Amino acid sequence: KSNEPPAKGLDDYFRKTKAKPAIYWLPLTEEQILERTRRHEQRTAERDEEQRKRQLDETARVSNSNKDSV
1 KSNEPPAKGL DDYFRKTKAK PAIYWLPLTE EQILERTRRH EQRTAERDEE QRKRQLDETA
61 RVSNSNKDSV
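What follows is the structure in structure tokens.
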């Protein structure tokens, strides 16, 4: 039993913060980074589209309101 290597600890498998208590974490893989970036861009595009629709609706509502007051 004495020639067995010591058991690996969390420090061997993960990175950890320097602050106490330590938080163990793994860096993202390239694939995970690409997926997160793709999802972020998709959410941004959806938000921009919703904002554009709201602006068009608001413009139409104001335009109709102005026509009604004339």
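Final position of the sequence shown in the UniProt record's numbering is 70; the numbers increase by one with none missing.
Built from N, CA and C at the ideal position, the CB exists for glycine as well.
Small disclaimer: the values here were computed from a predicted structure and weren't measured.
If you draw a straight line from the C-alpha of residue i to the C-alpha of residue j, how long is it?
| i | j | result |
| --- | --- | --- |
| residue 71 | T44 | Because the chain in this structure spans residues 1 to 70, residue 71 falls outside the shown range and cannot be described. |
| A51 | S63 | For clarity, residue 51 is Gln in the given sequence; the question names Ala instead. Spanning the two alpha carbons is a distance of roughly 18 Å. |
| A22 | D11 | 11 Å |
| H40 | L34 | 10 Å |
| E49 | N66 | 26 Å |
| Q55 | Q32 | 34 Å |
So, at 8 Å on beta carbons, what are the nonlocal neighbours of residue i in its own chain, with the 5 sequence-adjacent residues on each side left out?
| i | result |
| --- | --- |
| R36 | L28 |
First and last residue of the alpha helix (DSSP H) that includes residue i?
| i | result |
| --- | --- |
| L28 | Here L28 belongs to no alpha helix (DSSP H), and DSSP marks it neither H nor E. |
Please return the same chain residues whose Cβ sits closer than 6 Å to the Cβ of residue i, not counting the five positions on each side in sequence.
| i | result |
| --- | --- |
| Y24 | L10, F14, K16 |
Flag residue i as yes when its Cβ comes closer than 7 Å to any non-hydrogen atom of the ligand NAD, and as no otherwise.
| i | result |
| --- | --- |
| K18 | With respect to the ligand NAD, the structure offers nothing, as it holds no ligand at all. |
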